[in-house]
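Accompanying notes for the structure given below.
There are 2 protein chains.
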Amino acid sequence: MNEHVDPAHSSDLPTPALVIDGDVFDRNLAVMAATHPGPALRPHVKAHKCTSIAAAQASMGHLRFTCATPREVIGMAAAGLGHDLLLANETVDAVRLRAMAGLDNPVTVAVDSDSTLDAAVAAGIERVLIDVNVGLPRCGVAPDAAGRLADLARSAGLEVRGVMGYEGHLMMVTDRSEQAERVEAAMALLRRAHADVGGHIVSAGGTGTFDLHERTGVNEVQAGSYALMDTHYGRLGLPFEQAVFVLGTVISVGDRYAVADVGLKALGMDHGDPDLVMDDGSPRSVWFCSDEHITFSIDGGSTGGGAPVVGDRVRVVPAHVDPTMAMHEVAWVVRDDRVTDRWPIDLRGW
Amino acid sequence: MNEHVDPAHSSDLPTPALVIDGDVFDRNLAVMAATHPGPALRPHVKAHKCTSIAAAQASMGHLRFTCATPREVIGMAAAGLGHDLLLANETVDAVRLRAMAGLDNPVTVAVDSDSTLDAAVAAGIERVLIDVNVGLPRCGVAPDAAGRLADLARSAGLEVRGVMGYEGHLMMVTDRSEQAERVEAAMALLRRAHADVGGHIVSAGGTGTFDLHERTGVNEVQAGSYALMDTHYGRLGLPFEQAVFVLGTVISVGDRYAVADVGLKALGMDHGDPDLVMDDGSPRSVWFCSDEHITFSIDGGSTGGGAPVVGDRVRVVPAHVDPTMAMHEVAWVVRDDRVTDRWPIDLRGW
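Structure below.
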C-alpha cells in the first residue's frame, strides 16, 4: 500500500476516473485462489492490462499468466512477472515474435496452423501450446489435426507443452447445468486433442466457467474478469463482486434527466450501456452514452434518492471490463474512501 | 510530408494499425472548406484527438477549434493551435478550469447553469458561450433561460461570446428534407436564445447536418467526423469519403470463417460491428468481434475474391470514428501505399 498517493480521497479524484474498490478486489482474488490455487489458475491479463493487478495475483500464488498481445507479454516480463508467460493468441508478426523470443524466460505461444508455427520457429520461439478449436468460431486447429501440428512443432525442435482450447461461446450460458454439460462436451474435444498432442498443460476456461473444470481434465484455468467483474458477468450469479467502476461528476441537470462526464470513450460499449448508481448507492436508469457524456434518469424510483445536482458524483459500472480498462491510463484504488494506490494501466496497445 | 517515416510501406506496418488514406483525407478537408471556409467551420477535435490532423485543418483556413475535454484544449494550445479554442462541454473541475484559464490565449468554455458558470468564474475563465438545449437530451440550458444566464455571466465580468446548441439527435435522420425541417426547428430555439444572450457566435451543427445551416442563423459549424468518416455517417450519402480504417492481419483460417487481429479494443463499438474488406477491396461479412479478434466469413460472395490465408491483410472500417481514434496511440498516413506520416493521437484522455 502506497501511503503517499495524491489525491488522498476519492472525492478529490478528477473525473472520469477508473476506480477499484480495493477490499472487493481482495475478496475476489481470495475466492478464486481458494478454488484454483497457485498454478491451477493462469490469470488472463487482457482483462486488466495492469502489472500492478498482475502482481497482486502473483502474491496470491499465481505465477503463470495468460496474455492476448505481445505487448502484454513484454510488459509483464519487464515488470518482473515473466516467470511463465503464455501468449494465448496467434501472431505472424516477426518483429514481435523475435522480441518475445529474446526475453529472459522462455515464452510459450499458441499456434493453430503451419503458418503460425513457421513464424514462431523462424523467430526463435522455443515453446508452444497447440490451440484447439472447441466450438468458438475463432482461432484453434481442428481437434483431429492437433497431433499432426504438435509433431511438426517437435520435429522443428520446439517443446510442445500441451493444449489450450477456449470455450468462449459458453461463458454466458445462464442455465448452469446446461452450461456444465456443454463445457464437458467442449473439453472432451480438448482431451481428444491432448491425447494426440501430449505435454503437461491442458489450459482452458474463463470467469464464466471457472468452477466447471473439476472433471474436464483442464489443469489450468485462464480466467481474468473475476478480479474486477462487469455487469455482463454480474448477471451469472458468480461468487465475485463488482470491484471496478468509472467515477463521474454530474455536469448538467434537466427536468427529467441528468448528465455526467463518463462517456463511451471511458467505457467498453460492445456489451451495451453501463449501469449507473449515485454516490449514495441508489441506481438510476441510463438513457444513452455519447463520446464524453452519460445521460440518465433523475428519478430514483422506489429506491428513493433525490434528484442529482451539478457536482454530485456517480458510479458508472461497465458492461464489459476488458475494453473499459484499456481506455484508461490509470486506475485508482480506494479503500474506505481513501485513495491508497495509483495503478497505471501499463499493458495497453499491441 | 515526412520523408523519413519508418516503416516505409503499409505492408510493413505492425497490426492492428490505424491507417489514414492521405489523399481521401485531403479531399474531405477540401470539400468541407469549400462549403464552410475559414471561421465558418470550427472543427471538432474530439473526432480525431490528433494535433497533426488539427494542423491540417488549420492549414485549410480553420483556425478556431471545438474541444470536448480540457485535455484536448490544453493539448491544442501546447501544439500552437490555441488561437481560439472552445470547450463545447461543461465542467466543474477547478484544477482543469484553472489550467485552461492559464493558457496564453483566452479559452471559451460552455456553461449551461449557475453552477458551471460559478466554477468558470472562480477559476478565472474570461469567456463563455451559453450552451442551449435544442432538443438533444444532454447538456444545455432551456432556451428561455439562456438570457438570464448570460446576464449573470456579464455581471460577473465575463465576456459572453454568444450561444451554441448541438442538434446531435438529428445527425442520423436519413430523410434529408425531414432532417432539414427538424434542424430549422431546433435552430429556431437557438436563435430565440441568441436574441436574449447576444454576442457574435451562433455555433452548432455536425457532419450529418453540415450543409443544412445556410439559413439557420448558425455562423460556425462544429463538424469533426467529416475528415475521416465512419460507416455510420457513410450511410447518409454525404460528400465525404471513408479515409480511415484499421489494418489487420489474418491469423487463423477455418472452414467457413477467418480471424484477423483487429478486435473490439481497437474499435469504437457503440455503433455496432465494423465493416471489413480484404486488401483487394472485396468485402467480407463480419461475424463478431472479441477483445483482440474479428471473425469474418471467408466467402467473398458475388464480389469474387478467394479465401484468405494466414498473413493476408484486411481493412476494418469502424462504425464510429471518434472512439476508434481514442483507442490508438498513433495513426499512419498512407499515400499510394507509401507511409508518408506518423501522427500521434496525442489528445487522448481527460
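Chains as they are written, first to last, in the numbering used here: chain F, 1 to 350; chain E, 1001 to 1350.
Just so you know, even glycine gets a beta-carbon here, dropped at the ideal spot from N, CA and C.
Residue i classed as buried or exposed, judged by whether at least 16 other C-beta atoms fall within 10 angstroms
i          : result
F/Met-325  : buried
E/Val-1095 : exposed
E/Thr-1015 : buried
E/Pro-1037 : exposed
F/Ala-146  : buried
E/Ala-1156 : exposed
E/Asn-1105 : exposed
F/Ala-195  : exposed
E/Arg-1098 : exposed
Cβ shell of residue i (< 8 angstroms), same chain only, five flanking positions each side left out
i          : result
F/Leu-236  : Met-172, Thr-174 and Gly-208
E/Val-1218 : Met-1187, Leu-1190, Val-1202, Ser-1203, Ala-1204 and Gly-1205
F/Gly-224  : Pro-43, His-44, Val-45, Lys-46, Ala-47, His-48, Thr-66, Gly-206, Thr-207 and Asp-322
F/Val-92   : Ser-115, Thr-116 and Ala-119
E/Leu-1013 : Pro-1007, Val-1019, Leu-1247, Trp-1332 and Val-1339
Beta-carbon spacing of residue i, residue j below 9 angstroms
i          : j          : result
E/Asp-1261 : E/Ser-1010 : no
E/Ile-1125 : E/Trp-1332 : no
E/His-1310 : E/Val-1250 : Here residue 1310 of chain E turns out to be Val, not His, going by the sequence shown. Result yes, Cβ atoms of E/Val-1310 and E/Val-1250 sit closer than 9 angstroms.
F/Val-246  : F/Ala-8    : no
E/Gly-1165 : E/Gly-1199 : no
E/Tyr-1257 : E/Thr-1295 : yes
F/Leu-85   : F/Val-107  : yes
E/Asn-1089 : E/Ala-1123 : no
E/Asp-1255 : F/Cys-289  : no
F/Met-278  : F/Val-314  : yes
E/Arg-1161 : E/Val-1134 : no
F/Gly-305  : F/Asp-341  : no
E/Val-1197 : E/Leu-1149 : yes
E/His-961  : E/Val-1259 : Because residue 961 of chain E is not part of the residues shown, which for chain E are 1001 to 1350, the question remains open.
F/Val-132  : F/Leu-103  : no
Best match in the options for proximity to residue i [C-alpha to C-alpha]
i          : options                                           : result
F/Ala-55   : F/Ala-77, F/Val-160 and F/Val-24                  : F/Ala-77
E/Ala-1058 : E/Asp-1026, E/Arg-1071, E/Leu-1087 and E/Pro-1070 : E/Asp-1026
F/Arg-348  : F/Met-278, F/Ala-266, F/Ala-30 and F/Thr-69       : F/Thr-69
E/Ala-1017 : E/Val-1107, E/Ile-1298 and E/Glu-1329             : E/Glu-1329
F/Leu-264  : E/Asp-1112, E/Leu-1081 and E/Gly-1272             : E/Gly-1272
F/Ala-193  : F/Asp-112, F/Gly-254, F/Val-316 and F/Gln-222     : F/Asp-112
E/Met-1375 : E/Pro-1106, E/Trp-1287 and E/Glu-1241             : The question about residue 1375 of chain E has no answer here: the residues shown for chain E are numbered 1001 through 1350.
F/Thr-35   : F/Glu-220, F/Met-327 and F/Leu-13                 : F/Glu-220
E/Ala-1319 : E/Asp-1230, E/Val-1253, E/Val-1160 and E/Leu-1129 : E/Asp-1230
E/Arg-1335 : E/Val-1024, E/Ala-1030, E/Glu-1090 and E/Asp-1006 : E/Val-1024
E/Leu-1238 : E/Arg-1176, E/Asp-1280, E/Thr-1216 and E/Val-1277 : E/Arg-1176
F/Arg-64   : F/Ile-53, F/Ser-285, F/Glu-72 and F/Leu-41        : F/Leu-41
F/Arg-284  : F/Asp-299, F/Pro-39 and F/Arg-161                 : F/Asp-299
F/Ala-153  : F/Gly-305, F/Pro-143, F/Asp-275 and F/Ile-130     : F/Ile-130
F/Val-215  : F/Ala-185, F/Val-286, F/Gln-222 and F/Leu-228     : Per the sequence shown, the amino acid found at residue 215 of chain F is Arg instead of Val. The candidate whose alpha carbon is nearest that of F/Arg-215 is F/Ala-185.
E/Gly-1061 : E/Leu-1087, E/Ala-1142 and E/Leu-1029             : E/Leu-1029
E/Met-1327 : E/Leu-1267, E/Phe-1210, E/Ala-1307 and E/Ser-1282 : E/Leu-1267
Collapsed DSSP secondary structure at residue i in the structure displayed
i          : result
F/Gly-281  : coil
F/Ile-251  : strand
F/Leu-85   : strand
E/Ala-1326 : helix
E/Val-1073 : helix
E/Arg-1154 : helix
F/Gly-147  : helix
E/Pro-1007 : coil
E/Glu-1184 : helix
E/Val-1339 : strand
F/Ser-290  : coil
E/Phe-1240 : coil
E/His-1044 : strand
F/Glu-178  : helix
F/Arg-138  : coil
F/Leu-170  : helix
E/Met-1164 : strand
F/Gly-263  : coil
E/Arg-963  : A question about residue 963 of chain E goes unanswered here, because the residues of chain E that appear run from 1001 up to 1350.
E/Asp-1023 : helix
E/Thr-1066 : strand
E/His-1200 : coil
Own chain partners of residue i with C-beta closer than 7 angstroms, once the 5 adjacent residues on each side are dropped
i          : result
F/Leu-212  : Gln-179, Ala-180 and Val-183
E/Leu-1136 : Tyr-1166, Glu-1167, Gly-1168 and His-1169
E/Thr-1051 : Gly-1075, Met-1076, Ala-1079, Leu-1081, Asp-1346 and Leu-1347
F/Asp-291  : Gly-263, Leu-264 and Lys-265
E/Val-1005 : Val-1339, Thr-1340, Asp-1341 and Arg-1342
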